[in-house]
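Chemist: Heads up: the sequence shown is residues 3 to 101, going by this note's numbering. Glycine included, each C-beta is placed from N, C-alpha and C at the ideal position. Please read through the structure below; I'll follow up with questions.
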Amino acid sequence: MKASSVLEGDVVCIWSGAAVCGEGPLWIPEQSVLYWVDIDGCQAHRYNTANQQVKTWSLAEKTGWLLPCEGRRELIGGCKSGAYLIDLESGQRMLLFDP
């Protein structure tokens with residue numbers, strides 16, 4: 003049986019905004035940023051630990067998850083209509099495959 007571990011420390015609220023359905027946390031250690039999506043709100047969010055700021059982008063449709071794409075600034079997003087390469091800064095996306 004695996005022994006459980008206990009983390010100690012204070013819980014800190016990093017964002018006081020409201021999400022309809024906040025899901026899919028993605029930590030990118032090289033950038034020290036945390037991404038998450040608001041599925042029903044059609045938004046992506048990024049918390050930057052360096053400046054303690056949250057940036058929000060509107061998404062074209064419901065998106066359930068984001069994944070990093072090695073060597074690229076875009077993220078891969080699982081959307082209602084398929085998986086896309088998503089550039090949050092420009093809003094552009096490219097269909098990789100549909101379900």
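Checking 8 Å against the spacing of the C-beta atoms, do VAL39 and GLN33 come in under that value?
Modeler: Result no, Cβ atoms of VAL39 and GLN33 do not sit closer than 8 Å.
Chemist: Tell me whether the beta-carbon of ASP100 lies closer than 8 Å to the beta-carbon of GLY84.
Modeler: In contact: ASP100 and GLY84 (Cβ atoms closer than 8 Å).
Chemist: What are the boundary residues of the beta strand (DSSP E) that includes GLN55?
Modeler: Run containing GLN55: 55–60, per the beta strand (DSSP E) assignment.
Chemist: Grouping DSSP H, G and I as helix and E and B as strand, with all else coil, what is GLN45?
Modeler: GLN45: strand per DSSP, three-state reduction.
Chemist: On a CA-only basis, which of PRO70, LYS64, VAL35 is nearest ASN2? Give me that one, please.
Modeler: Outside the shown range of the chain, which is 3 to 101, sits residue 2, and nothing can be said about it.
Chemist: Assign ILE16 to one of three DSSP states: helix, strand, or coil.
Modeler: If DSSP states are grouped into helix, strand and coil, ILE16 belongs with coil.
Chemist: According to DSSP, is ARG74 helix, strand or coil?
Modeler: ARG74: coil per DSSP, three-state reduction.
Chemist: Terminal residues of the continuous beta strand (DSSP E) containing GLU25?
Modeler: From DSSP, the beta strand (DSSP E) with GLU25 extends over 24–30.
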